[in-house]
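Top to bottom, those sequences are chains A and B.
Numbered according to our numbering, the first sequence spans residues 1 to 395.
Numbered according to our numbering, the second sequence spans residues 1001 to 1147.
Here a beta-carbon is modelled for each residue, glycine too, at the ideal position from N, C-alpha and C.
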Amino acid sequence: MSGDVAVLGAGMHPWGKWGRSFVEYGTAAARAALADAGVGWRDVDAVVGADTVRGGYPGYVAGATFARALGWQGARVSSVYAACASGAQAIATARAQILAGLADVVLVVGADAAPKGFFAPAGGDRPDDPDWLRFRLLGATNPAYFALYARRRMAVYGDTPEDFALVKVKNAAAGALNPHARYRTPVTPDEVAASPVVADPLRLLDICATSDGGAALVLSSMAYARVHGVGEPVRVRAVSTVTPTYPRAVLDLPDIATDSAAGAAPAPPFREAIATAAYEEAGIGPGDLSLAEVYDLSTALELEWYEDLGLCGRGEAAKLLREGATALGGRVPVNASGGLASFGEAVPAQAIAQVCELTWQLRGTAGPRQVPGARAGITANQGLFGHGSAVVAVR
Amino acid sequence: MTRARTPAVAGWFTDAPGGFRLLGTRCSACSAVFFPPEGAFCRNPDCAGGGELLEVPLSGRGRVWSYTDGRYRPPAPYVSDPSVPWEPYTLVAVELAAEAMVVLGQAAPGVGVADLAVGMEVELVPGVLHEDADTTWTTWHWRPVTS
């Protein structure tokens, strides 16, 4: 298809709490991706960075920081901020430049050194900021929202805490096979049940950690890939960057209330709209997927994604999980990488890391966690403040 | 010494005659209602524009959409005394039928997750967010309807 771009290279810095600068993680990931692609740094036409906060500097930086670290060579540069969707929007920016003929080869990099514990808004009195207000007035942390969704699923669909724990058990089993993952130890249902409650009904092991990490991709035009000797590259076929549709009727981070749906036609839920846009652009449907990488900020949220991606009907996610369909070896493995359960959040890197995993899976080089014969995959995530994010890759 | 009672956020609720109510705004052009009150612009993409955003009290009762609690101390700007052992608060998301919207709030003191169920009727009551030397910072709470 004319809209395809090639994934020539993928690279990561392992996730963890390493105590170093995001520049180090991103540069390591970039070098790994360039080596994987067999592309020299001086051959890169453009660098797109997924932004993070630079310590000591009140701003978001990335693209030029990585370009400098790799050695100034005059490449075109962009930096992209979209919270958790930053990585996907960096991929979208790179893809647009390639498809517009502005660049043949683009390096996409995201990395972060995350704070410990709950994410919190920047300091100062900022009553105009909804993110500041939800902490100030309600103490509503991110896990509190995940717990509201989890409790709602229990009430409406009959999901149980044991179902949620099974998501962790499944993802930890996959993560144990991934050398880039932070947590590489299998987890049992009893261990989830024995972990402390953070926000009822969710426990510590239901919620992903914050981590350091970095991920990078080398993307190119299909023509460049051919000349480069890669005839059948993994291809990015769609990047969904949609916003929600008014009235947004599901309470979402970091809002204190939904839109009023009185007298208005209900809009499709946002997460579902993200997937729909990706499928439409890629010209495929959920039945074509070999695997999916989704943002499992909490175990219960992963179940939500099964339904949003159309892997099953509303309310059927726990059943799909219990059948083993979404585990390695199942019909459509979800989070074959181990997911955020095994990685933790390194915000600007994670959406790029999801595409790294698809790349390795679609090449058939994912080792012991390989999904046999993988031909198509989707990533899904959601950036705070209304940034949709899904990438479809095929081979 | 009596502390001054001051809303923790200005213009979001009123204790005027008629009861304690959350305050939203309604667009005079398209009737869309917003909470927190939207003062600058109507966010309905189909609104022709040109309307005024007029203050409107929201329903004082609704039904529980979901609920949870906070077992760990949240970070600033939530105000809590780190020298005092953490007491979990309860959060309730409440569906207001007339407005067809969900509004989040803390539950009244003493209301825990064991006291709540999805679909249960709750009512809005005045509450205290925290107190310092001079000021009692007021907020809204949700409480199960007992009568």
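Please confirm whether residue i has its beta-carbon closer than 8 Å to some beta-carbon of chain A.
i	result
proline 1037 of chain B	no
aspartate 1069 of chain B	yes
threonine 1025 of chain B	no
arginine 1021 of chain B	no
glutamate 1099 of chain B	yes
threonine 1014 of chain B	no
glycine 1105 of chain B	yes
proline 1045 of chain B	yes
glutamate 1066 of chain B	In the sequence under discussion, the amino acid at residue 1066 of chain B is serine, which differs from the glutamate named in the question. Output row for serine 1066 of chain B: interface = yes.
alanine 1032 of chain B	yes
threonine 1139 of chain B	yes
valine 1118 of chain B	yes
valine 973 of chain B	There is simply no residue 973 of chain B to check, as chain B begins at 1001 and stops at 1147 in what is shown.
Taking 8 Å as the CB-CB cut-off, is residue i touching chain B?
i	result
tryptophan 18 of chain A	no
valine 198 of chain A	yes
phenylalanine 270 of chain A	no
phenylalanine 164 of chain A	no
threonine 243 of chain A	no
tryptophan 305 of chain A	no
serine 260 of chain A	yes
leucine 251 of chain A	yes
tyrosine 157 of chain A	no
glycine 263 of chain A	yes
arginine 314 of chain A	no
tyrosine 246 of chain A	yes
alanine 174 of chain A	no
isoleucine 207 of chain A	no
isoleucine 98 of chain A	no
alanine 144 of chain A	yes
alanine 300 of chain A	no
alanine 257 of chain A	yes
arginine 322 of chain A	no
So which residues of chain B does residue i contact, with C-beta pairs closer than 8 Å?
i	result
alanine 317 of chain A	Result: empty, since nearest Cβ-Cβ is about 17 Å, beyond 8 Å.
leucine 352 of chain A	Just to set this straight, residue 352 of chain A is isoleucine in the shown sequence, not leucine. The premise fails here: isoleucine 352 of chain A is roughly 27 Å from chain B at the closest Cβ pair, so nothing lies under 8 Å.
Going along chain A in order, which residues have a C-beta closer than 8 Å to the C-beta of residue i?
i	result
leucine 1129 of chain B	Leu137
alanine 1008 of chain B	Arg136, Leu137
Anything in chain B within Cβ reach of residue i, meaning under 7 Å, just list it in chain order.
i	result
proline 127 of chain A	Val1009
phenylalanine 118 of chain A	Pro1074, Pro1075
threonine 141 of chain A	Gly1070, Pro1074
alanine 147 of chain A	Thr1068
Comparing alpha-carbon positions, which option in the options lies nearest residue i?
i	options	result
alanine 35 of chain A	A/Ala150, A/Phe119, A/Leu217	A/Leu217
arginine 235 of chain A	A/Ala249, A/Asp288, A/Ala75, A/Val355	A/Val355
alanine 199 of chain A	B/Asp1069, B/Ser1083, B/Arg1026	B/Asp1069
alanine 336 of chain A	A/Ile284, A/Lys170, A/Met222	A/Lys170
serine 342 of chain A	A/Arg54, A/Pro186, A/Ser79	A/Pro186
glutamate 1123 of chain B	B/His1141, B/Leu1129, B/Pro1075, B/Glu1131	B/His1141
serine 1059 of chain B	B/Arg1043, B/Val1033, B/Gly1039, B/Gly1110	B/Val1033
alanine 1108 of chain B	B/Thr1138, B/Ser1083, B/Leu1096	B/Thr1138
tryptophan 72 of chain A	A/Arg54, A/Thr52, A/Gln89, A/Trp41	A/Trp41
alanine 85 of chain A	A/Trp15, A/Asp51, A/Ala103	A/Asp51
alanine 1016 of chain B	B/Val1125, B/Arg1073, B/Thr1146	B/Val1125
leucine 1023 of chain B	B/Trp1012, B/Tyr1072, B/Cys1030, B/Ser1031	B/Trp1012
tyrosine 1072 of chain B	A/His180, A/Ile352, A/Arg203, A/Ala88	A/Arg203
alanine 103 of chain A	A/Pro201, A/Val294, A/Ser220	A/Ser220
Can you find a CB in chain E that lies within less than 8 Å of the CB of residue i?
i	result
leucine 1091 of chain B	Considering every chain present, this structure includes no chain E. Its protein chains are A and B.
Residue i versus chain B: which residues are under 9 Å apart at the beta carbon?
i	result
leucine 133 of chain A	Val1009, Pro1036, Pro1077
Taking C-beta pairs closer than 7 Å, name the residues in chain A that residue i reaches, listed in chain order.
i	result
serine 1083 of chain B	Simply none; closest approach about 18 Å.
valine 1125 of chain B	Chain A residues near valine 1125 of chain B: none, gap ~15 Å exceeds 7 Å.
Note down, in chain order, every chain A residue with its Cβ under 9 Å from the Cβ of residue i.
i	result
valine 1145 of chain B	Those within 9 Å of valine 1145 of chain B in chain A number zero; the least Cβ separation is about 18 Å.
valine 1113 of chain B	Arg151, Asp200, Pro201
Enumerated in chain order, which unbroken segments of the alpha helix (DSSP H) with a length of 4 residues or greater are wholly contained in the segment 285-315 of chain A?
299-308
Quick check for students: name the residue ranges of the beta strand (DSSP E) that lie wholly in the segment 1038-1071 of chain B, counting only runs of 3 or more.
1053-1057, 1061-1070
Are the segment 102-121 of chain A and the segment 20-38 of chain A touching by the rule of at least three beta carbon pairs closer than 8 Å?
yes
Enumerated in chain order, which unbroken segments of the alpha helix (DSSP H) with a length of 4 residues or greater are wholly contained in the segment 185-225 of chain A?
189-194
Uninterrupted alpha helix (DSSP H) stretches inside the segment 28-75 of chain A (no shorter than 4 residues)
63-70
With a threshold of 8 Å, are at least 3 pairs of Cβ atoms found where one atom belongs to the segment 337-357 of chain A and the other to the segment 252-266 of chain A?
no
Would you call the segment 294-308 of chain A in contact with the segment 161-175 of chain A, where contact means no fewer than 3 C-beta pairs closer than 8 Å?
yes
List, from N- to C-terminal side, the alpha helix (DSSP H) runs of 4 residues or more that fit wholly inside the segment 94-151 of chain A.
130-133
Report yes or no: do the segment 81-99 of chain A and the segment 41-57 of chain A share at least 3 C-beta pairs separated by less than 8 Å?
yes
Check whether the segment 1080-1096 of chain B and the segment 1058-1067 of chain B are in contact - that is, three or more C-beta pairs closer than 8 Å.
yes
Quick test of the definition: if touching needs 3 or more C-beta pairs under 8 Å, does the segment 128-148 of chain A touch the segment 261-280 of chain A?
no
With three or more C-beta pairs closer than 8 Å as the rule, is the segment 373-388 of chain A touching the segment 60-80 of chain A?
no
Does the segment 235-248 of chain A come within contact of the segment 1071-1086 of chain B, defined as at least 3 CB pairs closer than 8 Å?
no
Do the segment 110-127 of chain A and the segment 13-25 of chain A meet, that is, are 3 or more Cβ pairs less than 8 Å apart?
yes
Output the residue ranges of the alpha helix (DSSP H) runs that lie fully inside the segment 229-295 of chain A and measure 4 residues or longer, sorted by chain position.
270-282
In chain order, which continuous runs of the alpha helix (DSSP H) of length 4 or greater are located wholly inside the segment 310-365 of chain A?
317-322, 339-343, 347-363
Is there contact between the segment 138-156 of chain A and the segment 368-375 of chain A, where contact requires at least three CB pairs shorter than 8 Å?
no
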